[in-house]
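Residue numbers (this note's numbering): 220 to 392.
The C-beta atom is built at its ideal place from N, Cα and C for all residues, glycine as well.
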Amino acid sequence: MKPFDLRQVEAVVKRALDHHDLIMAKQRYENHLEELVEQRNGELDRTLDSLEDAYRSTLRALTAALETRDSETHGHSERVVSYSLRLGREYGLNSAQMKSLEFGSLLHDIGKIGVPDSILRKPAKLTEEEWVQMREHPVHGQQILRGIEFLEGAARVVAQHHEKWDGSAIPSV
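What follows is the structure, given as structure tokens:
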């Protein structure tokens, strides 16, 4: 309005500048929050990777302990992991399925802990009764892993690792 009231013009300009300052402060705050979130996500990713490496190392140690009971199979689990992961990649499994396959392959014979040493280490041919006990190791393995959430998929691999292509049970020898 004319004539200009300089005090009103100053007040309008001050409000506009204050509003602009608030918008800029909000933008700086949002940018800072985004940086913090990215930083925390990076830390979280590194922590999760470290935890997964610890899981993997623990499972490898457990497998190595099992293989000391059965010296005939030294390195067997690592070879099974290698072959299984190659097949999994060819089949197009996603990362969660690949992890389950890796851990399950590594632990596939963990149920042999439930097989008596007299059978597991027997140097001669097993009797039919001994084979019956030996064939139970996938079920023992599944029971050992039951309740461990991060090994849920691996427990299925352990339970089914002697299935035939047609889906029938462990082959008789």
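Minimum C-alpha distance to residue i - residue among the options
| i | options | result |
| --- | --- | --- |
| V358 | S337, K341, H380, R340 | H380 |
| R275 | F369, V228, G386, V377 | F369 |
Within 9 Å, strictly: CB atoms of residue i and residue j
| i | j | result |
| --- | --- | --- |
| S288 | G323 | Sequence inspection shows Arg at residue 288; the Ser mentioned does not correspond to that position. Not in contact: R288 and G323 (Cβ atoms no closer than 9 Å). |
| G307 | M317 | yes |
| S319 | E371 | yes |
| L325 | A373 | yes |
| E355 | G386 | no |
| E349 | I338 | yes |
| T277 | E286 | no |
For residue i, three-class secondary structure by DSSP
| i | result |
| --- | --- |
| L370 | helix |
| R275 | helix |
| A235 | helix |
| N250 | helix |
| P335 | coil |
| A343 | coil |
| N260 | helix |
| E286 | helix |
| D240 | helix |
| F322 | helix |
| R375 | helix |
| K383 | coil |
8 Å contact criterion, which residue i and residue j should meet: CB distance rounded
| i | j | result |
| --- | --- | --- |
| D328 | S301 | No, D328 and S301 are not in contact; Cβ-Cβ is about 15 Å, not under 8 Å. |
| L345 | M353 | 6 Å |
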